[in-house]
Amino acid sequence: MTIENVFPRGIDTHNIPPIPQHVWDKFEKYRKAVQPNNTFAFEHPANAGQHPYGLYYLTVPEGQTTAEVHYASDPDAQRQQITKVTGNGTGRTIAQWTPIPGDYDDKGQWRQGGALFLMDDNGEEAWGIHRFLPGKDGSYQIERWTPKKTRNQAVVLSHKEDKYAYSSNVGNGIDTNVYIRDLKAPVSGTDGRDDTGICVLPAKGVFGAMDFSLDDKYLLVQQYIQITNCPAFIVSTDGSQQCEQIILPWKGPDGKEIMDESDNVKAAQVIRYARFSITDPNLVYMVTDWMSDVNSLISYNMKTKEITPITTPSVSGSVFPISWEVEMTALTKRHLAFVVNENGYSVLYCMDLESNKVSKVDFPQGIPQGVIPKIMFPKKSAERGLPDMLSVEVDSVMSPGTVYLLNVDTGDWQTYRATAMSRPEYDVSQQRLIHWKSFDGLPISAFVQFPPQYYVSGDLSTFQPDQKLPVVIFIHGGPEGQYRPSFNPRLYLQYLCNELGCVVICPNVRGSSGYGQKFVSLDDQEKREDSVKDIGALIDYITTSVPSIDPSKISVMGRSYGGYMVFACMIHFRDRLKCGVETCGVTHFVNFMETTAEYRRDLRRVEYGDERIPEMREFMHKISPLTRAHEINKPIFMSQGKNDTRVPYTEFLKMKAKLVEANGDNKVWWMACDNEGHIFRQRWVSECNVVGMYMFLSHFLLERDP
C-alpha cells in the first residue's frame with residue numbers, strides 16, 4: 001500500500017515513503033481511542049422538566065473526521081447526534097454550543113429552542129456565530145449571525161435569557177470588542193441577521209465577556225494583554241458604555257496598601273476569570289493573582305470594595321489557602337466548585353457558601369487521576385427544587401475524556417455512559433514526574449513515560465532495562481502552555497512510546513503556565529533562549545543520571561511555539577540530537593510578527609518583543625531559526641496547515657527551502673494540508689501526520705524501517 005492511496009486528497013507530502021500495511025493495521029487500535037472534545041453544556045432550563053441534566057457535547061461520529069454536537073438526555077441515555085454540519089475534508093469545526101429558549105425573527109415571529117454555536121469554515125480560526133434552529137424529525141436550519149472572516153468568541157447568555165454577549169473583531173478586524181444582542185426582539189439588519197448588537201465597551205485591545213449580573217444590568221469583561229496582565233471591568237449593559245475597572249490593591253499585614261518601586265499602589269494584574277454571585281448582587285467571585293504569585297480564588301464586593309481571600313496562600317484570613325493555581329469555577333446558590341492545577345494534575349474542591357467550609361472532592365475508585373477540562377452546574381437548579389449536581393469531565397492518560405455527574409450534597413457519582421469510551425486496546429504507560437535544575441539553578445519539571453513493558457517504580461538513576469532506550473522530548477506550545485497528564489495529544493505520545501519502544505519526556509520549561517506569574521514570565525523577550533537552555537539542562541540530566549537512556553538516540557518534537565523550540569534545540573544542541581519533528585513552528589520572529597493575523601500582534605509583542613524597535617528587531621532576527629537554518633545538520637520532519645493564520649504557510653515554505661539547501665533534500669520530510677489551520681482539526685489529517693512522524697522516527701532515530 002502506498003502513501004498516495006491512503007492519505008486523503010489535500011495532503012501534500014515529500015520523502016514520506018510508502019506506508020506498509022502492517023503499520024496501518026497496528027495503528028488502527030490507536031485511532032479507535034477518541035475522546036469527546038472539551039466543550040459541553042447542560043440542557044436548557046426551558047426544556048429541563050423532563051431532562052434536567054441533559055448534556056450536549058462534541059465527539060466524532062463513526063466514519064467522520066471532525067466532531068459534531070451530540071446529546072445525552074441523562075447519564076444512562078444513549079447519545080443522539082444533533083448536528084451534521086462539519087463534513088469530511090472541509091476543515092469546518094464547531095467550538096462552542098449554547099442552548100437558548102428561542103428568539104424572534106425579523107418579522108417578530110417566535111422561534112422555539114435551539115442554540116447558538118461557534119463554527120470555523122476552513123481552519124482560519126474565523127469563528128462565526130451561528131443559530132441552530134431545530135425542526136421536526138431531526139431536521140434543522142442553520143443561520144450565520146456574524147459576517148464571514150470575522151473572529152467571534154465567548155457567547156454568554158443573560159439570566160433572563162433574552163440577550164447574549166459576545167466578543168468580535170467585526171469593527172475593524174483588529175480590536176476585539178464586546179457586544180450585546182437581543183434574542184427576544186427583532187433584529188435590524190438588512191436581511192434580518194446582520195445586526196451586531198450594541199458595543200458596550202469600544203476600546204483598543206482584546207476583550208471578552210465573562211458573566212451577566214443577576215439583574216442583567218452589568219457585564220463582567222476581561223481584557224487580555226498577556227497571561228500576566230489581564231484586567232477586568234464591570235460594564236453597563238444599557239449601551240451607555242459606562243464601565244469601571246476592578247482594582248484589587250495589595251495590602252500588608254497592617255492593612256495599608258503596598259507600593260511598588262515607583263511609589264504607585266501595587267495591584268493585581270491578572271483577573272483570570274470572574275462571575276457574579278447568584279444571591280448577592282454586589283458580590284463577584286474571581287480567580288486572580290491578588291497578593292500572590294499564583295492565581296487564587298477570592299470574593300469581591302462591588303459596593304464596599306472588600307476583598308475576601310478564599311484560597312490565596314500566605315494571606316491572613318484566607319478561608320482555605322492553596323499554593324497552586326485555581327483554574328475554573330462553577331456556582332450555585334449554595335455551592336462554589338473550583339478546580340486547582342496541582343503540578344499538572346486537576347484537583348476538585350467544593351465550598352459551602354453558607355458555612356464557608358471548603359472540602360476536597362475525592363474521586364471514587366475507577367476514575368483515574370488526570371485533568372478536568374470543564375465543570376458546570378445547570379442554571380436555576382435551586383429554583384426548580386433540584387439538588388446541586390455538577391458535571392465533571394475527566395481526561396487522563398489511562399482513558400479518554402468521560403463526563404460524570406456529581407451530587408455535591410451526597411458525594412454520589414454517575415457516569416454519562418454516552419461519553420464513556422472503552423479502555424484503549426493498547427497498553428498504557430504510567431507517567432511520572434521528574435525534576436532537574438537548569439543552567440541558573442531554576443528547578444524544572446517534566447512528565448516521563450517509559451514503554452509499557454517497563455514499570456519504573458524506583459529511582460531512575462538505578463533503573464536499567466535490558467537495552468538502552470531512545471528518547472523523544474515533546475515540548476508543548478504556547479509558550480504559555482503546560483504539558484499535563486491527559487489523553488492529549490492522543491496519538492503523539494502513547495503510540496510513539498509503544499511502537500517505537502522509546503521514552504517520552506514532556507518538560508514544562510520556564511515560560512510554562514501553571515507554576516505562577518514569575519515562572520511564566522522568565523522567557524519573555526530578551527530571555528527567549530533561556531527556555532532553550534532548559535532543554536540543554538534536561539539532556540545533561542538524562543544522559544548523566546538516567547542509565548536507561550541511549551544518549552546517541554535523542555530527538556525533539558513540538559508544535560507551534562514547541563516547533564520553534566525544536567528548531568532552536570537542533571541549532572544549539574545539534575551534536576547531541578539525532579533528529580527533530582515540528583508542526584506549525586515559528587521560524588522567524590520578525591516575519592511572524594509582520595505576517596501573523598493582525599489581531600494577534602499586540603498580544604505577541606508582549607511575549608516575543610516589539611519588532612518595531614530596532615534593537616529588539618535585531619535581537620529577534622538574530623535568534624530566529626530561519627536566520628540560523630544553515631546550522632541544522634540533522635534530519636527534520638515538518639508539517640503545516642495551509643490556512644494557518646498564526647504562523648502563515650509562507651514561513652513554512654521559506655524554512656523548508658533553507659533546510660533543504662543546507663541539509664540536503666533527503667533529510668527534510670514534510671507534509672502540508674489544505675483546509676487546515678494552526679491546529680489540525682480533522683481527525684484523519686492528524687492521524688496521517690502521526691503515522692508520517694512514526695515512519696520518520698523509525699528511519700532516523702531508530703535507524704531501521706518499520
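In UniProt numbering, the protein residues as written are 1 to 706. Positions of the beta carbon are idealized from the N, C-alpha and C atoms, including for glycine.
For residue i, the nearest candidate out of the options (CA to CA)
i	options	result
N666	E28, G10, N15	N15
I554	F700, H476, C673	F700
Y57	Q245, A67, N356, N498	A67
P485	Y345, V660, V155	Y345
I19	V287, F696, R92	F696
D216	S277, G54, P202, R604	S277
E676	V668, N177, V685	V685
V340	S262, G252, L297	L297
P625	C569, V660, R576	C569
R334	I372, S262, D280, S292	D280
residue 730	I129, F573, T150	Past the edges of the chain, shown from 1 to 706, lies residue 730, and the structure says nothing about it.
E661	Y416, R681, R628, G478	R628
For residue i, the residue or residues it bridges with in DSSP
i	result
I298	M286, P309
N229	Q226
F212	L219
F40	Y57
I142	F132
A274	M286
N152	S168
C199	Y179
C243	V235
K163	D182
T583	R559, S639
R432	V448
Presumed contact (8 Å Cβ cut-off) between residue i and residue j, rounded CB distance
i	j	result
F27	V691	6 Å
I225	V509	Not really, about 23 Å apart at Cβ, beyond 8 Å.
I100	E43	With a Cβ gap of about 12 Å, I100 and E43 do not count as contacting.
Q449	L493	7 Å
L406	L390	5 Å
L469	D550	6 Å
T150	N169	6 Å
Rounded C-alpha distance that separates residue i from residue j
i	j	result
F40	L133	18 Å
V408	K380	16 Å
G189	R31	Legend: pLDDT at G189 = 49, less than 50; position of this residue unreliable, value from coordinates given subsequently. Computed Cα separation, rounded: 45 Å.
F637	T332	49 Å
I174	G205	8 Å
Q431	G562	20 Å
V221	V294	21 Å
V590	T650	13 Å
N301	D238	22 Å
Q245	P231	7 Å
N521	G511	It is Ser, not Asn, that sits at residue 521 in the sequence shown. Approximately 6 Å, taken between the alpha carbons.
S323	L433	18 Å
R131	I571	49 Å
Y166	R275	15 Å
Q96	F117	5 Å
R528	M593	15 Å
I444	I227	20 Å
G114	A72	15 Å
residue 707	V315	In the structure as shown, the chain starts at 1 and stops at 706, and residue 707 therefore has no counterpart that could be examined.
V319	S355	11 Å
G255	V265	13 Å
S545	V392	40 Å
T329	I198	28 Å
residue 711	Y608	Absent from the structure is residue 711, since the part of the chain shown begins at 1 and ends at 706.
T86	F363	35 Å
Counted within 10 angstroms of its Cβ, other Cβ atoms place residue i as buried (16 or more) or exposed
i	result
K107	exposed
residue 709	For residue 709 there is no data in the structure shown, the boundaries of the chain being 1 and 706.
A185	exposed
Q640	buried
F439	exposed
T83	buried
Y455	exposed
M1	Only weak support is given to the placement of M1: the predicted model assigns it a pLDDT of 37, under 50, and the question is left unresolved by the model.
D523	buried
H678	buried
F548	The amino acid occupying residue 548 in the given sequence is Ser; Phe does not appear at that position. That one is buried.
R559	buried
N282	exposed
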